[in-house]
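Trainee: With my numbering as the guide, the letters of the sequence shown map in order to residues 73 to 761.
We put the beta carbon where it would ideally sit given N, CA and C, even for glycine.
Handing you this structure, nothing more for now.
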Amino acid sequence: MFGIRCAVAVIIISCCSAGWASGAFEPAPCVFYHPVYLRRTPSLPVPAVSRFAGAVTTLPAHLDAPEVAAYDTADGNVYVVDQSGPHGALELLRVSPRGMATRVAAVPATAAYGIAYDPKTDLFYLSVDGPNESPYEFIYAVTPSGRLSVLAGGGAEYSRDGAGRNAGFYDVGGIAYDSANGLLYAVDYASVRVISTAGVVKTLPGSIGQSSGIEGLAYDARRDRLIVALVGGEEIESVSTRTGAVRTIAGRCLVFGRQSQSDCDSDELDGPGNVALFALPSAVAVDPVDGTIYVADQFNNAIRRIDASNNVTTLAGNGIEAERDGAGPAAEFNLPAQLTLDSAHGILYAIDGTPGYPQVDAGTLRSVTTRGATPPPLATPITLFEPAAPDREPLALAWQKTVPASAALSYVEATGYIGTLTRAGLSAEVADPYAGVDAFGPEGIVLGADGSQWYQDVSDGGVLVHHTKAGFAAYLVPGNRGFRQPSPNDLALAPNGDVWFVVNNTLGFITPAGRLTPIANFLKAGPTNSVSLAFVADSSLWVADGAGLLQYSRAGAHLQTLAYPANDVTQGPDGNAWFSEYGTIGTIRPNGELVLYVLPNPCAPQRPCWRGIGAITSGSDGALWFVEQGPVPAIGRLSVDGLLDEFPIPAARSNPTDITPGPDGNIWFADNGAQKLGRVTLARSGRNL
73 MFGIRCAVAV IIISCCSAGW ASGAFEPAPC VFYHPVYLRR TPSLPVPAVS RFAGAVTTLP
133 AHLDAPEVAA YDTADGNVYV VDQSGPHGAL ELLRVSPRGM ATRVAAVPAT AAYGIAYDPK
193 TDLFYLSVDG PNESPYEFIY AVTPSGRLSV LAGGGAEYSR DGAGRNAGFY DVGGIAYDSA
253 NGLLYAVDYA SVRVISTAGV VKTLPGSIGQ SSGIEGLAYD ARRDRLIVAL VGGEEIESVS
313 TRTGAVRTIA GRCLVFGRQS QSDCDSDELD GPGNVALFAL PSAVAVDPVD GTIYVADQFN
373 NAIRRIDASN NVTTLAGNGI EAERDGAGPA AEFNLPAQLT LDSAHGILYA IDGTPGYPQV
433 DAGTLRSVTT RGATPPPLAT PITLFEPAAP DREPLALAWQ KTVPASAALS YVEATGYIGT
493 LTRAGLSAEV ADPYAGVDAF GPEGIVLGAD GSQWYQDVSD GGVLVHHTKA GFAAYLVPGN
553 RGFRQPSPND LALAPNGDVW FVVNNTLGFI TPAGRLTPIA NFLKAGPTNS VSLAFVADSS
613 LWVADGAGLL QYSRAGAHLQ TLAYPANDVT QGPDGNAWFS EYGTIGTIRP NGELVLYVLP
673 NPCAPQRPCW RGIGAITSGS DGALWFVEQG PVPAIGRLSV DGLLDEFPIP AARSNPTDIT
733 PGPDGNIWFA DNGAQKLGRV TLARSGRNL
């Protein structure tokens, strides 16, 4: 899974004038393109075998754009509605457990939202949009041989109770069947509708909350209740079939860490139901024997499990958006959207791949075992940790070995908090008092010589904040902030203990006593990209602003400028300035030579794409470590002789933003997208050289 193919970059040398004139821009210096060698990281993938719970296997059935699926307990097949007919028309397909697909019938509809099976009558029920762009929605009854008839719907474009075609649906979604009582249930916008086998439609009292029309629904026979995957609210709810009473089983709607009712952020967190977090849970299935609830957690690329005590765990999937068979955390999903359960054999069937998303070429049907031993952990040197509170967007973190008092890392969260992180991954946070009413505050952070925290707060015009045991002190920096991307490394500790910063587009420094000195000649027009600062071995300061590299003396004198679009800068293992560009790592040698390591295209030969290299740092192993925000977010390692290793981050929506060595000798990073803090254990990376 985490292996890297081997490749070699061609070495090119382009010589021009050597060196830069002090204080003035000169033509480009000698540029050396260093060869880069990608090397394979050994890993032993875990086979998807039945002895593990959460073992995932992709069935070979050819599907174009599968929409819904149901398991037939009578014949042991899965029935799938797929856009495999002429010109993308819907068809009902029968798929065997080995993945052999046969056509059953055409489905006269433009979209299908739910399917349910009645084992007593051997009938399927489909909730669909009407054919030929009809404004009406229907419930179809379908025999296994493919004969279709309208059970209910078509009488109105809104929710209307009634019988057969006189009834109306407004925004029909998932459906579920109660075979004991012969009742069909359907999600219809904020309501649950009850349909008899004779087609009589009634509305349950109560509201499940605003629906998106694709909510998953399942019937829990053990407790005579409905289970709803509320896509719009990131929650799993239960609905009483008798009273319509709604109760949240698991999940929460958070917006920047605060409870909300709508516009929920996408998050992932296992734990008790009132703590757990989901990201677009789009389908549910209930085991009639033990009552376990299974959830297709679409935007987390995972199958989650809720036990009888409402505890949430991840059954399969590690968050990476791909399709890879494996057991538990070794498996990967590509936006799983639908579920159906074969309880007798302990197998879930999941439709993986959601039509309408550009990264999804076609859907697949995948089986997931629900019984067996706990699968082994993922073979990766990366360990992810939850911050003290979820959904606060960790952005930057810092630690310096030159600071004796720094036994832990410090980090900031873009939604208004700063924290500390121990070697064991335990964190504690306090609110940023200067975050403002929008709760959007800190970006860069650095530790002072005494171990205290300095950070930039971008709210209310931008201030530099000093946090000590005595409290907070803010310093207003003159200048015009303008527009700039969040900058995790816009502060740096100077060798003499001063803290240098870029605040409000002003470069300056502040002494430990609080005396602030702005440097007026920096970026008068204002940068549009992020800004990074780093001191190197000769005590000079390098600044990368996305458009150029600038060098300053420790006293603030501008020494030279290189027009190279660098994103981040750091002191390298050799004491020189090293920097990152989206697809390149570079260094500036004392004689003025510019050495570039151009990393191979990660998508070649299929298509070009960017790596998105951002923050960069030096590790205790004498190599450069950096974050990649490209199509497969990863932590990268580049040795000074050009050996490249990459470690994909096993998390959904990963977007690593900052990286630093830690007090334990390992590499630590902040992941703003996955909302995690991470560690790369060097001994497990195989590159602790």
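Evaluate A399 with the Cβ neighbour count: other Cβ atoms within 10 Å of its Cβ, from every protein chain shown; 16 or more gives buried, anything less gives exposed.
Mentor: buried
Trainee: Answer yes or no: do L165 and V176 have a C-beta to C-beta separation smaller than 9 Å?
Mentor: yes
Trainee: Considering only the beta carbon of each residue, do D397 and R443 sit closer than 9 Å?
Mentor: no
Trainee: Answer yes if the region 644–653 comes into contact with the region 614–625, meaning at least three C-beta pairs across the two stretches below 8 Å, and no otherwise.
Mentor: Segment contact: the region 614–625 against the region 644–653, three or more CB-CB distances shorter than 8 Å; contact assigned.
Trainee: Let's test the definition: count the other Cβ atoms within 10 Å of the Cβ of L456 and tell me whether it reaches 16, buried, or not, exposed.
Mentor: buried
Trainee: Please go through the region 686–717 and give each complete alpha helix (DSSP H) segment of 4 or more residues, from N-terminal end onward.
Mentor: none
Trainee: Can you give me the start and stop residues for the alpha helix (DSSP H) that R756 sits inside?
Mentor: Per DSSP, R756 belongs to the alpha helix (DSSP H) from L754 to S757.
Trainee: Taking the straight line between their C-alpha atoms, what separation do you get for P720 and V670?
Mentor: Each residue's Cα considered, the two are about 19 Å apart.
Trainee: Can we say the region 124–143 touches the region 738–748, given the rule of at least three CB pairs closer than 8 Å?
Mentor: The region 124–143 vs the region 738–748: no contact.
Trainee: Work out the CA separation of T689 and A496 for me, nearest whole Å.
Mentor: 21 Å
Trainee: Measuring only the C-alpha atoms, how far is P203 from G227?
Mentor: 14 Å
Trainee: Hey, out of V358, F405 and S338, whose CA is closest to A351's CA?
Mentor: S338
Trainee: Per DSSP, what are the beta-bridge partners of P344 in this structure?
Mentor: N383
Trainee: Quick one: measure Cβ to Cβ for E209 and G225, integer angstroms, because I've assumed they're closer than 8 Å.
Mentor: 5 Å
Trainee: Closer than 6 Å by C-beta to L326: which residues in its own chain qualify, once you throw out the five before and the five after it? Chain order, please.
Mentor: These residues qualify, in order along the chain: D337 and D463.
Trainee: To the nearest angstrom, how far is it from the Cα of T492 to the Cα of G734?
Mentor: 12 Å
Trainee: With 16 other CB atoms within 10 Å as the buried threshold, where does D243 fall?
Mentor: buried
Trainee: Between the C-alpha atoms of A93 and G580, what's the straight-line distance to the nearest angstrom?
Mentor: With a pLDDT of only 37 at A93, under the threshold of 50, the placement of this residue in the model should not be trusted; the figure read from the coordinates follows. Roughly 23 Å between the two C-alpha positions.
Trainee: With 16 as the cutoff for other CB atoms within 10 Å, does A742 come out buried or exposed?
Mentor: buried
Trainee: CA-CA distance, D713 and A706?
Mentor: 21 Å
Trainee: What is the rounded straight-line gap between the Cα of G684 and the Cα of D693?
Mentor: 23 Å
Trainee: Mapping DSSP to helix, strand and coil, what is K748?
Mentor: strand
Trainee: On the CB-based measure, 16 or more other CB atoms within 10 Å of its CB, does D424 come out buried or exposed?
Mentor: Around the Cβ of D424, a 10 Å sphere holds 16 or more other Cβ atoms; the residue is buried.
Trainee: Closest to P107 by C-alpha separation, out of V699, S711 and T182, would be which residue?
Mentor: S711
Trainee: E307 and G245 - do their beta-carbons sit closer together than 9 Å?
Mentor: no
Trainee: Identify, in the order they occur along the chain, each residue of the same chain with its Cβ nearer than 6 Å to the Cβ of L548, setting aside the five sequence neighbours on each side.
Mentor: The answer, listed in chain order, is V535.
Trainee: In or out: L605 buried (at least 16 other Cβ within 10 Å) or exposed?
Mentor: By the Cβ-count criterion, L605 is buried, with 16 or more other Cβ atoms from all chains shown falling within 10 Å of its own Cβ.
Trainee: My assumption, with CB atoms under 8 Å, is that I490 sits in contact with H538. Please give the rounded CB distance.
Mentor: Not a contact, Cβ separation roughly 11 Å.
Trainee: By the 10 Å Cβ neighbour count, where 16 or more other Cβ atoms means buried, how is Y229 classified, buried or exposed?
Mentor: The sequence shown places Glu at residue 229, not Tyr. E229 is exposed by the Cβ-count criterion.
Trainee: Taking the alpha carbon of K473 as the reference point, which residue from P169, G148, G737 and F196 has its own alpha carbon closest?
Mentor: G737
Trainee: Which of the three DSSP states is assigned to Q370 in this structure?
Mentor: helix
Trainee: Cα separation between S268 and T364?
Mentor: 26 Å
Trainee: DSSP three-state call for V176: helix, strand or coil?
Mentor: strand
Trainee: Which runs of the beta strand (DSSP E) fall wholly inside the region 578–626 and span at least 3 residues, in chain order?
Mentor: 578–582, 588–591, 604–607, 613–616 and 621–624
Trainee: By DSSP, does V530 sit in helix, in strand, or in coil?
Mentor: coil
Trainee: Report yes if the CB atom of L256 is closer than 9 Å to the CB atom of L298, and no otherwise.
Mentor: no
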